[in-house]
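Inspection log for the structure reproduced underneath, given as structure tokens.
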Amino acid sequence: MSGDRDFAGVRCPHCASEALTMVSLFGSSVSEVMFRCGQCRTVFNWVKWRGTLPPTPTVPDRPS
Amino acid sequence: MTTPDKDALGEALRNDLLALADSKLVLANWYTTCVHNGRSLPDFAALLGMATATFGHTRALYLYLVNLGCDYDGLERRAQPAAFCSMNLLDRPPEDWEDFIATVYLAELAMWTFASGFLGHPDRPLAGLIRKIGEESYFHLKYCQGWQSIFTETGNRRYGAALAARLPAALAWFRAQEDDLLQAAGQRDLPLSTLCQSYRAEVLNSLGGASAGDGPPASLDGWDPQRRRAGTMPQRLFEIIRLKDPGAVLR
Ligand SMILES: [Zn+2]
Chain F
392 MSGDRDFAGV
402 RCPHCASEAL
412 TMVSLFGSSV
422 SEVMFRCGQC
432 RTVFNWVKWR
442 GTLPPTPTVP
452 DRPS
Chain B
-5 MTTPDKDALG
5 EALRNDLLAL
15 ADSKLVLANW
25 YTTCVHNGRS
35 LPDFAALLGM
45 ATATFGHTRA
55 LYLYLVNLGC
65 DYDGLERRAQ
75 PAAFCSMNLL
85 DRPPEDWEDF
95 IATVYLAELA
105 MWTFASGFLG
115 HPDRPLAGLI
125 RKIGEESYFH
135 LKYCQGWQSI
145 FTETGNRRYG
155 AALAARLPAA
165 LAWFRAQEDD
175 LLQAAGQRDL
185 PLSTLCQSYR
195 AEVLNSLGGA
205 SAGDGPPASL
215 DGWDPQRRRA
225 GTMPQRLFEI
235 IRLKDPGAVL
245 R
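Residue numbers (the working numbering), protein chains in the order written: chain F, 392 to 455; chain B, -5 to 245.
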């Protein structure tokens, strides 16, 4: 999906289009984001966790 | 400075994690109580989703506190508002939708910034729990940022005013004792004062320089460093968050 780095590379599971609209950050379950495909109009849920953390004060030698 | 003893360190960690857990308990109740104010179906899904995750964080932290000598049932069943350690920021209910989003944003970011000090904690289960909490909080903050964008695009000034009015209470939550025992003992990655500065910078940055500043510091009256709050949780809030008596039904 273009325009939002949190969803880079997400594609429609039916037609593989990347022309998606995010419908809801919390989809049919807490762990999912809901998208609608602009090409085939499928609505689908995508598991969101990619290990991204909110802004975190820097510590030089923190384990990643 | 003398080397802190094991008991004092354990107590300091217990206090800080309980302040975090209790604040999350209150925040989760903010989500469930305010869900009917959602502006759309995605809002309802988001508020209930964030409530689920936040209650989950509270429960996970309470369970971790058992390792530090706490009794899980005792934590859940505290019968007096004075026994709770939630942040003052969440004492006063939201005045409107803008104040709700501003407060939730301040609370989520404060709790994350505070918790992030334990990402390098020597007890790896705690560090892992904190990381998981962060991954979930990321999307709570993203939800707030979505609303922030809408407020900015529509020239909504109420949001910035609400944020500025609440910020001093949020900053006060980071207040440190003279010696940050946990940081000195390598259990907190950064001093609380540094975490607080990062937090303040992030909040002001979120306003894109449109802030009028963060007002005078919150009052120190009645500050309890152990519970990380001033005074006692309001009775009305306590009635919402406390576990109800067996057989009680809310109507
Ligand atoms: Zn498609």
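Glycine is no exception: its CB is placed at the ideal position from the N, C-alpha and C atoms. Treat the numbers as computed from the prediction; the structure is a model and nothing was measured.
If you follow the beta strand (DSSP E) that residue i is part of, which residue opens it and which one closes it?
i: Leu411 (chain F); result: 411 to 415
i: Val450 (chain F); result: It is not in any beta strand (DSSP E) - Val450 (chain F) carries neither H nor E in the DSSP assignment.
What I want to know is whether the C-beta of residue i ends up closer than 7 angstroms to one or more non-hydrogen atoms of ligand 1.
i: Thr433 (chain F); result: yes
i: Ser187 (chain B); result: no
i: Cys79 (chain B); result: no
i: His134 (chain B); result: no
i: His30 (chain B); result: no
i: Gln171 (chain B); result: no
i: Ser408 (chain F); result: yes
i: His115 (chain B); result: no
i: His405 (chain F); result: yes
i: Cys138 (chain B); result: no
i: Cys190 (chain B); result: no
Provide the residue span of the alpha helix (DSSP H) that contains residue i, from first to last.
i: Glu423 (chain F); result: Taken as a continuous stretch (DSSP letters only), Glu423 (chain F) belongs to no alpha helix (DSSP H), being part of the beta strand (DSSP E) at 423 to 428.
i: Gln191 (chain B); result: 186 to 200
i: Phe398 (chain F); result: Counting along the chain, Phe398 (chain F) falls outside any alpha helix (DSSP H), and DSSP gives it neither H nor E.
i: Glu172 (chain B); result: Careful: Glu172 (chain B) lies outside any alpha helix (DSSP H) and carries neither H nor E.
i: Gly154 (chain B); result: 151 to 166
i: Lys0 (chain B); result: 0 to 28
i: Asp93 (chain B); result: 91 to 110
Quickly, what does DSSP pair residue i with across the bridge? List them, please.
i: Arg223 (chain B); result: B:Asp218
i: Asn436 (chain F); result: F:Met425
Using a cut-off of 7 angstroms between C-beta atoms, extract the partners of residue i located in chain B.
i: Gly442 (chain F); result: Glu129
i: Val421 (chain F); result: Gly43, Thr46, Ala47
Give me the chain B residues within the contact set of residue i, using Cβ-Cβ distance strictly less than 9 angstroms, ordered along the chain.
i: Thr447 (chain F); result: Trp106, Thr107, Ser110, Leu113, Gly128, Ser192
Against residue i, what residues of chain F qualify as contacts under a CB-to-CB distance less than 7 angstroms, listed in chain order?
i: Phe133 (chain B); result: Leu416, Lys439
i: Glu196 (chain B); result: Pro446
With distance defined between alpha-carbon atoms, name the residue in the options nearest to residue i.
i: His115 (chain B); options: B:Gln74, B:Thr26, B:Leu3; result: B:Leu3
i: Thr46 (chain B); options: B:Arg230, B:Pro185, B:Asn23; result: B:Asn23
i: Ala121 (chain B); options: B:Leu175, B:Thr148, B:Ala170, B:Leu55; result: B:Leu55
i: Tyr58 (chain B); options: B:Leu214, B:Gly202, B:Leu7; result: B:Leu7
i: Leu157 (chain B); options: B:Tyr193, B:Ile95, B:Trp217; result: B:Ile95
i: Asp239 (chain B); options: B:Gly63, B:Ala39, B:Arg72, B:Leu62; result: B:Arg72
i: Arg441 (chain F); options: B:Glu129, B:Trp141, B:Ala195; result: B:Glu129
i: Cys190 (chain B); options: B:Pro211, B:Gly202, B:Gly50, B:Ala224; result: B:Pro211
Residues of chain B with CB under 8 angstroms from residue i, in chain order?
i: Val450 (chain F); result: Leu113, Gly114, Asp183, Leu184
Which chain F residues sit within Cβ distance under 9 angstroms of residue i?
i: Leu103 (chain B); result: Pro445, Pro446
i: Thr27 (chain B); result: Ordered by position in chain F, no residue passes the 9 angstroms Cβ test against Thr27 (chain B), which lies about 18 angstroms from the chain.
Identify the contact partners of residue i in chain F, using a Cβ-Cβ distance below 8 angstroms as the criterion.
i: Lys136 (chain B); result: Asp397, Leu416
i: Ala40 (chain B); result: Ser415, Leu416, Phe417
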